[in-house]
Amino acid sequence: QKEVEQNSGPLSVPEGAIASLNCTYSDRVSQSFFWYRQYSGKSPELIMSIYSNGDKEDGRFTAQLNKASQYVSLLIRDSQPSDSATYLCAVMNTGFQKLVFGTGTRLLVSP
Amino acid sequence: GAGVSQSPSNKVTEKGKDVELRCDPISGHTALYWYRQSLGQGLEFLIYFQGNSAPDKSGLPSDRFSAERTGGSVSTLTIQRTQQEDSAVYLCASAVGPNVLTFGAGSRLTVL
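Residue numbers (the working numbering), protein chains in the order written: chain A, 1 to 111; chain B, 112 to 223.
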């Protein structure tokens with residue numbers, strides 16, 4: 001089992017719709033969770049971090065964490081074509097402070 | 112500096128040669144990470160430094176790979192006797208402690 005799993009996609013949504021990206025992780029004691037966005041040919045950039053169960057909202061983005069289910073999600077409201085990118089879920093291993101990334105979900109937002 | 116600086120940005124080498132990749136983290140960032148990203152793939156963890164020490168080297172693919180960090184700042188990733196499967200983008204990131212990472216632009220390595 002991979003440490004962090006994501007559906008590779010692509011996930012296609014029309015402009016203005018809600019995009020829902022999901023991630024599961026295997027290490028039950030993980031404490032910190034992150035979503036990074038990576039445009040083609042560019043480096044990842046942080047979108048959201050979440051540390052406790054529940055929802056965290058930042059503009060059009062909402063991160064959701066359920067530690068009991070070992071599940072993290074990212075919702076993007078009012079999706080824009082500029083949101084088209086690969087979204088990487090990352091989980092921090094508390095033992096060695098290692099940040100482990102999933103393989104990413106490619107999001108395509110059509111005008 | 113203002114951001115994480117990596118050099119070279121592109122490196123083409125012949126199979127069997129050694130290469131050195133350099134990362135200059137954001138000033139004051141104590142944590143430094145190396146990842147590898149092959150074409151169309153996710154980020155593969157290589158090594159993590161806290162200060163000059165590397166608590167976790169578990170991601171280094173083989174003994175041909177080594178990394179060091181001196182003065183709590185610049186880090187070099189060395190690949191000896193390069194193989195074609197080493198071709199990838201090598202990404203460096205730094206952070207204030209084991210927290211939010213800021214990535215450099217990467218070093219694209221092509222082994223012919």
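Glycine residues also receive a C-beta, built at the ideal position from the N, C-alpha and C atoms.
A quick note: this is a predicted structure, and the numbers were derived from the prediction, not measured.
Open item on the list: Is V211 (chain B) close to chain A? Criterion is C-beta to C-beta, closer than 7 Å.
Closed with: Residue mapping note: residue 211 (chain B) aligns to position 100 of the second sequence, counting from 1. Taking Cβ atoms only, chain A reaches closer than 7 Å to V211 (chain B), which makes this a yes.
TODO: Look at L182 (chain A) and S20 (chain A) and say whether their C-beta atoms are less than 7 Å apart.
DONE: Absent from the structure is residue 182 (chain A), since the part of chain A shown begins at 1 and ends at 111.
Task: Proximal residues of chain B, C-beta to C-beta of V100 (chain A) below 8 Å - done: As a position in the first sequence, residue 100 (chain A) is number 100, starting the count at 1. Against V100 (chain A), the close residues of chain B are F156, in the order they occur along the chain (beta-carbon pairs closer than 8 Å).
Open item on the list: Using 7 Å as the threshold, is the C-beta distance between V224 (chain B) and G183 (chain B) below it?
Closed with: Past the boundaries of the shown model lies residue 224 (chain B); chain B is included only from 112 to 223, so the question cannot be answered.
Task: G153 (chain B) at chain A interface by Cβ criterion, 7 Å - done: Position 42 of the second sequence holds residue 153 (chain B). Yes, because at least one Cβ of chain A sits closer than 7 Å to the Cβ of G153 (chain B).
TODO: Determine the chain A residues that contact L202 (chain B) at a beta-carbon separation under 7 Å, and present them in chain order.
DONE: Your numbering for residue 202 (chain B) matches position 91 in the second sequence. Here the neighbours are S43.
Open item on the list: Rounded to the nearest angstrom, what separates Q195 (chain B) and N93 (chain A) at their Cα positions?
Closed with: What you label residue 195 (chain B) is simply residue 84 of the second sequence in a count that begins at 1. What you label residue 93 (chain A) is simply residue 93 of the first sequence in a count that begins at 1. Answer to the nearest angstrom: the Cα atoms are 31 Å apart.
TODO: For my contact list, T189 (chain B) and E125 (chain B) are in at a C-beta cut-off of 8 Å; report their separation, rounded to the angstrom.
DONE: Numbered from 1 along the second sequence, position 78 holds the residue referred to as residue 189 (chain B). Numbered from 1 along the second sequence, position 14 holds the residue referred to as residue 125 (chain B). In fact, because the Cβ distance is near 16 Å, the residues do not count as touching under 8 Å.
Task: Range of the contiguous beta strand (DSSP E) that encloses T187 (chain B) - done: Looking up residue 187 (chain B) in the second sequence gives position 76. Unbroken beta strand (DSSP E) run through T187 (chain B): S186 to I190.
Task: Per-residue contacts from G104 (chain A) into chain B (C-beta, under 9 Å) - done: As a working note, residue 104 (chain A) is residue 104 in the first sequence. Per Cβ cutoff of 9 Å: Q152, G153 and L154.
TODO: Going by CA-CA distance only, name the one from A:L65, A:L46, A:S32 and A:A17 that's closest to T86 (chain A).
DONE: Working through the first sequence from its first residue, we reach residue 86 (chain A) at position 86. The shortest Cα separation from T86 (chain A) among A:L65, A:L46, A:S32 and A:A17 belongs to A:L46.
Open item on the list: Just verifying my parser: in three-state terms, what is the DSSP assignment at P14 (chain A)?
Closed with: Sequence index remark: in the first sequence, residue 14 (chain A) carries index 14 (1-based). It is a strand residue.
Open item on the list: Between L21 (chain A) and chain B, is any beta-carbon pair separated by less than 7 Å?
Closed with: Position 21 of the first sequence holds residue 21 (chain A). Answer no: the Cβ-Cβ gap between L21 (chain A) and chain B never drops below 7 Å.
Task: Local conformation of P166 (chain B) per DSSP, three classes - done: Here residue 166 (chain B) refers to the residue found at position 55 when the second sequence is read from its first residue. P166 (chain B) falls in the strand class under three-state DSSP.
Open item on the list: According to DSSP, Q64 (chain A) sits in a beta bridge with which residue or residues?
Closed with: Residue mapping note: residue 64 (chain A) aligns to position 64 of the first sequence, counting from 1. Residue pairing for Q64 (chain A): DSSP places it in a beta bridge opposite A:D55 and A:S73.
Task: Candidates B:L154, B:L171, B:A206 and B:D174: closest to Q6 (chain A) by CA position - done: Position 6 of the first sequence, counted from the start, is the residue given in the question as residue 6 (chain A). The option with the nearest alpha carbon to Q6 (chain A) is B:L154.
Open item on the list: Could you check whether the Cβ of L148 (chain A) sits closer than 7 Å to any Cβ belonging to chain B?
Closed with: For chain A, the structure presents residues 1 to 111; residue 148 (chain A) sits outside this window and is missing.
Task: G9 (chain A) versus E3 (chain A) - alpha carbon distance - done: On the first sequence, residue 9 (chain A) is found 9 positions in, with the first residue counted as 1. On the first sequence, residue 3 (chain A) is found 3 positions in, with the first residue counted as 1. Near 18 Å, if we compare the C-alpha coordinates of E3 (chain A) and G9 (chain A).
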